[in-house]
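Protein chains in written order, with my numbering: chain C, 10 to 206; chain P, 10 to 206; chain G, 10 to 206. Yeah, the Cβ is synthetic: ideal placement off N, Cα and C, and Gly gets one too. This one's a predicted model, so the numbers in the text were calculated from it and none came from an experiment. Note sheet for the following structure.
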Amino acid sequence: MSWIVLHFIGIISYSATGAFVALEARFSFIGVYALGFITAFGGGLIRNLIIGVPATELWEHSAIFTVFITLTIIILIPLKWIDHWRRWGLFFDSIGLASFALQGAMLASEAFSNDLGLMILAALFTGVGGGLIRDTIAGRKPLALKEEIHAILTILCAIPIWFGWSSPLELTLIVLIVIAIRMSAIHYKWRLPLPCH
Amino acid sequence: MSWIVLHFIGIISYSATGAFVALEARFSFIGVYALGFITAFGGGLIRNLIIGVPATELWEHSAIFTVFITLTIIILIPLKWIDHWRRWGLFFDSIGLASFALQGAMLASEAFSNDLGLMILAALFTGVGGGLIRDTIAGRKPLALKEEIHAILTILCAIPIWFGWSSPLELTLIVLIVIAIRMSAIHYKWRLPLPCH
Amino acid sequence: MSWIVLHFIGIISYSATGAFVALEARFSFIGVYALGFITAFGGGLIRNLIIGVPATELWEHSAIFTVFITLTIIILIPLKWIDHWRRWGLFFDSIGLASFALQGAMLASEAFSNDLGLMILAALFTGVGGGLIRDTIAGRKPLALKEEIHAILTILCAIPIWFGWSSPLELTLIVLIVIAIRMSAIHYKWRLPLPCH
């Protein structure tokens, strides 16, 4: 499984979560397209803003087209099919989280000569930024700020990049570990409460 | 009616909608200024961020001054006068929507050599971006995501620009068509529901 | 008391207000870090976007590290100690407001050859921008838009910079005046209602 496949699974998953939030908030079909695009590209937009890379580098035709097709399918197919898809949602969403965070860490590593602090910030905002804007626009408490697992996993993605991992095999291994931790956290209901609060 | 006149009617209408949302949300007079400026310039700011043009190009003195005067008048005049103005609000707001979307499409057309996908995205975010930020800050469901007409009209504005329309006469014609469709949509209560949902 | 000390008191106060909002909104410890960083750097990020300065200039290691330590302390210490700190909160927050607004006005003054309109906008968004994003993400009505004192003080900071004040002594004097006005406004419950509304 190559890196580019993971990247597209990530974009598709993220745009789909935007669409589902829009459907739940009873937005119109334009809301589905808008929240889908915002979730898929919002994290990258904030990251590029933070690390000083022009946003125009985000606009690959293949990515925009993939998001557009994904959202059109979600609008057209009956709701109960979507419910079936949802069971797979967290699995694909974990792939998205990992591929976005890895991308953020790698871009920051290039731009700031492997500065760990900024790599973690870039991985964090690329991984959870799109969902943060999505939830804020839809008037919901951002999922990424209520559950700690998303953010911890983005930080976990930044560290191996800092150590120099970059081959497709190594990146795929990180994605698999992220999926395993995320699924275990959901299954065993892991929580990390605040001390003394 | 020249293009620059439409542009200023757009800026005035958009800043006024920001002011009205702030008054309804019971913000202080600072909230009126802040939401007014955010609604008038927010869409252009997001668009410039997306298409990689410096935000500094937005800051014309005449536009900032016009918004400032508009908001000061709204703060000073009695509320019942504003109610009278409101009947005209949707009319002016349609001019704003069209002039903002056209501007977005034209700027994206220059920056990306007439790429339709990005022109539609730029027209959409210029046209509805300011209102999106305004409603999110005021804690309301964004109007542009609940009703489909705004977004459809922005896309409708991008297409003639793609075909090369650029003379003041052609642009004014688009604005008139947008006003006609918007007013008809409101009068006849056109809706475009999601299929199968 | 030197300028750099005021700047760090500002960053610490602002990140702490972000952490307290996150704790009240029952976010996880990741939410505390995220809102803390967003409040401390969000205003500067919007300002740099507006005045066309790369965001990368915000990332000094000392500032990032200071925010990180502040937030970690807030997460680790018991809540009742925080309550004690809170009594000092508004005092430190006033220092933050003044130092952020002054910085915004000075940066805009350099970038736009002392243009008062843009200096006021930059002072305003640097001073209240972080809190605006913080409150919007946490789903609260933004404090800066409900109370007029914050924004008035940021404008008050821009004017002496416009007149050419720049020495540490002059800047410290502005900070002291801002603290005095803010504390008086809170103590005597000064309000500036909208006319005719």
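### Query
Buried or exposed: which applies to HIS196 of chain P, given that a residue is buried once 16 or more other Cβ atoms fall within 10 Å of its Cβ?
Within the second sequence, the letter at position 187 stands for residue 196 of chain P. In this structure HIS196 of chain P is exposed. Its beta-carbon is surrounded by fewer than 16 other beta-carbon atoms within 10 angstroms.
### Message
Rounded to the nearest angstrom, what separates ARG56 of chain P and LEU67 of chain P at their Cα positions?
### Response
Counted from its first residue, the second sequence places residue 56 of chain P at position 47. Counted from its first residue, the second sequence places residue 67 of chain P at position 58. Roughly 11 Å between the two C-alpha positions.
### Query
Who are the neighbours of ALA34 of chain C on chain P, taking C-beta pairs under 9 Å?
The sequence position of residue 34 of chain C within the first sequence is 25, counting from 1. LYS150, LEU154, LYS155, listed in chain order.
### Task
Just the C-alpha distance for TRP171 of chain C and PHE172 of chain G, rounded to the nearest angstrom, thanks.
Here residue 171 of chain C refers to the residue found at position 162 of the first sequence. Here residue 172 of chain G refers to the residue found at position 163 of the third sequence. Counting only the Cα atoms, PHE172 of chain G lies some 47 Å from TRP171 of chain C.
### Query
Taking all protein chains shown into account, do 16 or more other C-beta atoms lie within 10 angstroms of the C-beta of GLU33 of chain G, making it buried, or fewer, making it exposed?
For the purposes of this step, residue 33 of chain G is taken as residue 24 along the third sequence, with counting starting at 1. The Cβ neighbour count for GLU33 of chain G, taken over all protein chains shown within 10 Å, is under 16; the residue is labelled exposed.
#### Entry: Per-residue DSSP class, three states only, for ASN123 of chain C
Sequence index remark: in the first sequence, residue 123 of chain C carries index 114 (1-based). Correct three-state label for ASN123 of chain C: coil.
#### Entry: As assigned by DSSP and simplified to three states, the class of ARG191 of chain C
On the first sequence, position 182 is the one that residue 191 of chain C refers to. Helix at ARG191 of chain C.
### Task
Go through its chain and collect everything with a Cβ distance to TYR42 of chain G's Cβ below 6 Å, but skip five positions before and after it.
The count along the third sequence starts at 1 and reaches residue 42 of chain G at position 33. Closer than 6 Å at Cβ, skipping near neighbours: LEU80.
#### Entry: Endpoints, alpha helix (DSSP H) assigned at LEU67 of chain C
Locating residue 67 of chain C in the first sequence gives position 58, counting from the first residue. Run containing LEU67 of chain C: none; DSSP gives neither H nor E here.
### Task
Note down, in chain order, every chain G residue with its Cβ under 8 Å from the Cβ of GLY61 of chain C.
Taking the first residue of the first sequence as 1, we reach residue 61 of chain C at position 52. Chain G residues near GLY61 of chain C: PRO63, ALA64, THR65.
### Message
I want to see whether chain P comes within less than 8 Å of ILE39 of chain C, judged by CB atoms only; does it?
### Response
Numbered from 1 along the first sequence, position 30 holds the residue referred to as residue 39 of chain C. At least one CB atom of chain P sits nearer than 8 Å to the CB of ILE39 of chain C.
### Where MET128 of chain C falls, given that 16 or more other Cβ within 10 Å makes a residue buried
Residue mapping note: residue 128 of chain C aligns to position 119 of the first sequence, counting from 1. Taking all protein chains in view, the Cβ of MET128 of chain C is crowded by 16 or more other Cβ atoms within 10 Å, so the residue is classified as buried.
### From P:PRO63, P:LEU111, P:THR26, residue whose alpha carbon lies closest to that of ILE84 of chain P
In the second sequence, residue 84 of chain P corresponds to position 75, counting from 1. Among P:PRO63, P:LEU111, P:THR26, the Cα nearest to that of ILE84 of chain P is on P:THR26.
### Query
Which value, in whole angstroms, describes the spacing of the CA atoms of GLY40 of chain G and ILE161 of chain P?
By one-based count along the third sequence, residue 40 of chain G stands at place 31. By one-based count along the second sequence, residue 161 of chain P stands at place 152. Approximately 36 Å, taken between the alpha carbons.
### Query
Any Cβ of chain C within less than 8 Å of the Cβ of ALA110 of chain P?
Residue 110 of chain P sits at position 101 when you count from the first residue of the second sequence. So, not an interface residue.
### Message
Here's the rule I'm using: 16 or more other beta-carbon atoms within 10 Å means buried, otherwise exposed. How should MET10 of chain C be labelled?
### Response
Taking the first sequence and counting its residues from 1, one reaches residue 10 of chain C at position 1. With a pLDDT of only 49 at MET10 of chain C, under 50, the local geometry of the prediction cannot be trusted, and the value read off the model is given with reservation. That one is exposed.
### Task
Output yes or no for whether 8 Å exceeds the beta carbon distance between ALA147 of chain G and LEU44 of chain G.
For the purposes of this step, residue 147 of chain G is identified with residue 138 of the third sequence, where counting begins at 1. For the purposes of this step, residue 44 of chain G is identified with residue 35 of the third sequence, where counting begins at 1. At the C-beta level, ALA147 of chain G and LEU44 of chain G come within 8 Å of one another.
### Query
How many Å lie between ILE104 of chain G and LEU178 of chain G at the Cα?
The residue given as residue 104 of chain G occupies position 95 in the third sequence. The residue given as residue 178 of chain G occupies position 169 in the third sequence. CA-to-CA, the gap between ILE104 of chain G and LEU178 of chain G works out to about 15 Å.
### Query
Is the CB of THR145 of chain G under 8 Å away from at least one CB in chain C?
For the purposes of this step, residue 145 of chain G is taken as the residue at position 136 of the third sequence. Yes, THR145 of chain G lies at the interface with chain C (some Cβ there is under 8 Å from its Cβ).
### Task
Pick helix, strand or coil for ILE197 of chain P, following the three-state DSSP scheme.
Mapped onto the second sequence, residue 197 of chain P falls at position 188. Inspection of the sequence shows that residue 197 of chain P is occupied by Tyr rather than by Ile. TYR197 of chain P: coil per DSSP, three-state reduction.
### Query
Can you tell me where the alpha helix (DSSP H) with PHE50 of chain P in it begins and where it stops?
One-based indexing of the second sequence puts residue 50 of chain P at position 41. 38 to 60 is the span of the alpha helix (DSSP H), which, as asked, contains PHE50 of chain P.
### Task
Run the CB neighbour count on MET6 of chain P, radius 10 Å, all protein chains shown included, and call it buried at 16 or more, exposed below.
Chain P is shown from 10 up to 206; residue 6 of chain P falls before or after that span and cannot be answered.
### Message
Counting only C-beta atoms, is MET10 of chain C closer than 8 Å to chain G at any point?
### Response
By 1-based counting over the first sequence, the position of residue 10 of chain C is 1. Per-residue confidence for MET10 of chain C stands at a pLDDT of 49, beneath the threshold of 50, marking its modelled position as unreliable; the derived number appears in the next sentence. Between MET10 of chain C and chain G, the shortest Cβ-Cβ separation is not below 8 Å.
### Query
Roughly how many whole angstroms lie between the Cα atoms of THR181 of chain P and GLY113 of chain P?
One-based indexing of the second sequence puts residue 181 of chain P at position 172. One-based indexing of the second sequence puts residue 113 of chain P at position 104. Roughly 15 Å separates the two Cα atoms.
### Query
Of all the CB atoms in chain P, is at least one closer than 8 Å to the CB of GLY213 of chain G?
Given that chain G is displayed from residue 10 to residue 206, the structure contains no residue 213 of chain G and the question cannot be resolved.
### Query
For ALA167 of chain G, does the count of other Cβ atoms within 10 angstroms reach 16, so buried, or fall short, so exposed?
The sequence position of residue 167 of chain G within the third sequence is 158, counting from 1. The residue is buried, with at least 16 neighbouring Cβ atoms inside 10 Å.
### Query
How many Å lie between LEU130 of chain P and THR65 of chain C at the Cα?
Numbered from its first residue, the second sequence carries residue 130 of chain P at position 121. Numbered from its first residue, the first sequence carries residue 65 of chain C at position 56. Looking at the two C-alpha atoms, the distance is approximately 12 Å.
### Cα-Cα separation, PHE125 of chain C to GLU69 of chain G
Taking the first sequence and counting its residues from 1, one reaches residue 125 of chain C at position 116. Taking the third sequence and counting its residues from 1, one reaches residue 69 of chain G at position 60. It should be pointed out that residue 125 of chain C corresponds to Leu in this sequence rather than to Phe. Approximately 13 Å, taken between the alpha carbons.
### Alpha-carbon to alpha-carbon, LEU106 of chain C and ARG191 of chain P
Mapped onto the second sequence, residue 191 of chain P falls at position 182. Mapped onto the first sequence, residue 106 of chain C falls at position 97. When rounded, the distance between both Cα atoms is 40 Å.
### Query
Would a check of beta-carbon distances place ALA31 of chain G closer than 8 Å to chain C?
Along the third sequence, read from residue 1 onward, the residue named residue 31 of chain G stands at position 22. Cβ-Cβ to chain C under 8 Å: yes for ALA31 of chain G.
### Message
Under DSSP, the alpha helix (DSSP H) around PRO151 of chain P begins and ends at which residues?
### Response
By one-based count along the second sequence, residue 151 of chain P stands at place 142. Following the DSSP letters along the chain, one finds PRO151 of chain P in no alpha helix (DSSP H), marked with neither H nor E.
### Task
Measuring alpha carbon to alpha carbon, tell me which of G:ALA120, G:SER122, G:PHE121, G:SER108 ends up nearest VAL137 of chain G.
Locating residue 137 of chain G in the third sequence gives position 128, counting from the first residue. The closest CA to that of VAL137 of chain G, considering only G:ALA120, G:SER122, G:PHE121, G:SER108, is found on G:SER108.
### Short CB-CB distance (under 8 Å) between ALA120 of chain P and chain G
Here residue 120 of chain P refers to the residue found at position 111 when the second sequence is read from its first residue. So, not an interface residue.
### Task
Compute the Euclidean distance between the alpha carbons of GLY52 of chain P and PHE29 of chain P, then round it to the nearest angstrom.
What you label residue 52 of chain P is simply residue 43 of the second sequence in a count that begins at 1. What you label residue 29 of chain P is simply residue 20 of the second sequence in a count that begins at 1. Spanning the two alpha carbons is a distance of roughly 18 Å.
### Query
From the beta carbon of ALA160 of chain C, is the nearest beta carbon of chain G less than 8 Å away?
By 1-based counting over the first sequence, the position of residue 160 of chain C is 151. For ALA160 of chain C, the answer is yes, since a Cβ of chain G falls inside 8 Å of its Cβ.
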